[in-house]
Structure formats: structure tokens, C-alpha cells
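Worksheet: one structure, shown below.
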Amino acid sequence: MTPRDVLSGPAQGHDGGRTRGGQASAVDRAAEKTNSHDCFLVLRSVGPHVSFRAMTSTFDDEAASAATGDAETLDGETRGEDGKEDGRERKGAAMRARLRAATEEIIASEGYDVATAVEVARRTGVSRGAVLHHYPTRDDLIIDTARHFWRRAKQRTADLADGLNEGRVSTADFVQMFYDDVFLSRGIHTMLELIIAGRTNERIAGPVSEILADLFRAYETLGETAFAARGAGADRIHVVITLIGSTLRGLRIQEVVDPDETRTRETLAALVEAVDALLPPAGSRKVRP
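With the first letter of the sequence shown counted as 1, position 285 gets the number 285 in UniProt numbering; the numbers rise by one all the way through.
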């Protein structure tokens with residue numbers, strides 16, 4: 001059993017067919033869950049010759065949950081005030097998930113400018129009016145898309161932090177899975193597009209900056225959970241988690257521009273050594289009598 005098996009549990013399948021009542025297919029709903037990102041800017045200057053290699057997201061647990069029709073996977077949108085499932089809300093939540101997945105794919109593969117209501121409608125096979133029903137403006141759709149994929153990044157980080165804190169994974173496992181699962185190469189292009197768009201669109205800039213700031217604060221908080229057993233103070237842990245995040249982000253950018261598996265592997269190993277050198281040994285946490 002691998003460290004990822006310990007964290008994620010057994011994989012769940014899906015049939016990819018249409019569900020009753022015209023809801024989104026399992027594949028569509030799973031797609032919304034499989035492209036989590038946290039990446040930064042730079043890169044546009046490299047031009048159109050960069051090859052963005054296809055990478056499979058490792059948010060398999062969330063994707064499988066979405067594919068099996070779990071109402072709770074749609075961000076709590078499918079239950080009414082009495083806590084019971086609302087069929088209309090369930091359909092609406094499924095449609096919004098499909099629209100966000102299409103928007104995310106368009107931005108990553110073709111750019112922010114292409115992600116219009118017309119193109120999103122074409123990709124999802126619905127009318128432009130259906131898109132506007134759920135998202136009255138293009139900015140609403142873009143911002144909600146950003147909010148959801150960063151939310152997934154935060155949740156995956158929380159899972160990894162718990163695994164390290166509980167001793168189910170090592171520091172090396174934590175760093176490797178943080179890189180593989182959260183700092184995806186696909187997200188670099190997406191985030192570059194949104195941040196550049198925000199320079200001329202204040203309606204995008206403000207929310208994107210707020211969501212990113214919230215994510216970075218969450219990394220620090222989750223870092224305290226991850227390294228609690230090391231007995232270091234919060235300030236030192238914040239520095240360490242910033243070092244990890246900044247290194248992984250930069251390494252992912254370099255890998256997209258100039259892939260080198262050996263360099264990546266050796267850099268990750270050096271990062272683990274640095275983390276272990278900066279923090280007290282595991283089990284150093286003081287326990288009050």
C-alpha cells in the first residue's frame with residue numbers, strides 16, 4: 001500500500017453515463033473535481049512553443065465521489081433549509097459544476113479571452129441563456145471557477161497535513177504529494193491568465209487576490225497541523241511551509257519550460273532535507289504533565 005493509498009483509500013469507479021432528470025454525466029461532474037491548482041505567474045514570455053504536458057490530477061477521491069452522485073460533493077448546494085435534497089438545486093449545482101469545468105479547461109488550454117459565455121455554452125452543449133441563468137456575467141463565472149479549484153487545493157492540502165500529523169506519511173511523502181496533487185503544471189497557465197487579466201479588470205483582480213491570499217494563509221495554518229509533532233513554533237513553521245510552497249511553485253514552472261525528471265527528483269529530495277534541518281526531530285512536541 002502506497003502513502004497515497006493510505007490517504008485516499010480505495011478508488012471508486014463511475015460509469016460516465018447520463019443521470020436521471022437530465023443531470024450532468026458522471027464524467028462531467030468528475031471533470032470538475034480533477035483539475036485543482038495553486039500556481040503563480042510568469043511564463044507568457046516563453047511563447048506558443050511551450051508544450052504543456054498532459055497531467056492527470058490526483059484528486060481521485062474527490063472525483064470518484066462526484067462521479068458516484070454524492071449530493072454532498074456539490075458544495076452543499078443540493079440541500080434545502082430543512083436539510084433535505086432539493087431536486088432543482090441538485091440539477092443547478094450539477095450544471096454549475098459543468099460550466100466551471102468547461103471554463104477551467106478553456107482558460108488552461110486556450111486562454112482567458114476565449115472563455116466567453118458563448119464558448120462555455122458550446123463546450124457544455126447548452127444555450128448561452130442557460131449559462132447566464134447561473135452566472136449573469138462572465139466575471140461571475142470566472143471568479144466562481146477560480147474559487148472552486150482553489151478550494152479543492154486547500155482541501156487536498158488539509159488531507160496531506162492530517163496524514164503527516166498522524167504519522168501516516170513521511171515528510172518526503174508530504175512534499176512529493178504536495179507537488180503532485182496541489183502544484184499542478186496545468187494550473188500555471190490558468191493562473192497566469194487570470195492574474196494578467198486582473199491587471200486590466202478590477203472585478204477579476206480583487207476576488208482573485210483575495211482567494212489567493214486566503215489560500216496562502218490556509219497553507220500556514222495547515223502547516224501548523226502538518227508539523228505539530230516537530231515541536232517548532234508557529235513562526236518557524238510558517239517560514240518552512242512558505243519555503244516548501246515557493247520551491248514547489250518555482251520548480252513546477254521550470255519543469256513546464258524545461259522538463260528534467262532527474263533535476264526535479266533531486267530538488268525535491270534536497271527540499272525534504274532542508275525541511276528536516278529547519279525543524280526539530282519528530283516527537284519533539286512537549287507534552288504537559
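Glycine is no exception: its CB is placed at the ideal position from the N, C-alpha and C atoms. Quick caveat, the model's predicted, so the values are computed rather than measured.
Given residue i as reference, the closest of the options once Cα atoms are compared
i           : options            : result
residue 282 : 228, 236, 245      : 228
residue 215 : 158, 275, 88, 86   : 158
residue 108 : 87, 154, 191       : 191
residue 232 : 270, 196, 279, 245 : 279
residue 256 : 189, 169, 181      : 189
residue 151 : 87, 234, 213, 254  : 213
residue 203 : 166, 129, 140, 167 : 140
residue 89  : 134, 110, 260, 103 : 134
residue 99  : 86, 119, 87, 169   : 119
residue 258 : 195, 86, 221, 185  : 185
Unbroken alpha helix (DSSP H) run spanning residue i, endpoints
i           : result
residue 255 : 234-257
residue 114 : Looking at the DSSP string, residue 114 is not in any alpha helix (DSSP H), and its letter there is neither H nor E.
residue 213 : 202-226
residue 186 : 185-198
residue 135 : Run containing residue 135: none; DSSP gives neither H nor E here.
residue 272 : 261-278
Whether residue i touches residue j by CB criterion (9 Å)
i           : j           : result
residue 223 : residue 208 : no
residue 149 : residue 251 : no
residue 206 : residue 198 : yes
residue 200 : residue 272 : no
residue 138 : residue 121 : no
residue 267 : residue 247 : yes
residue 226 : residue 160 : yes
residue 178 : residue 244 : yes
residue 153 : residue 131 : no
residue 163 : residue 174 : yes
residue 123 : residue 102 : yes
C-alpha distance - residue i paired with residue j, whole-angstrom precision
i           : j           : result
residue 125 : residue 176 : 38 Å
residue 112 : residue 143 : 12 Å
residue 145 : residue 193 : 13 Å
residue 211 : residue 265 : 30 Å
residue 270 : residue 94  : 43 Å
residue 106 : residue 254 : 23 Å
residue 104 : residue 129 : 19 Å
residue 277 : residue 230 : 11 Å
residue 275 : residue 261 : 21 Å
residue 181 : residue 136 : 32 Å
residue 155 : residue 165 : 15 Å
residue 234 : residue 169 : 21 Å
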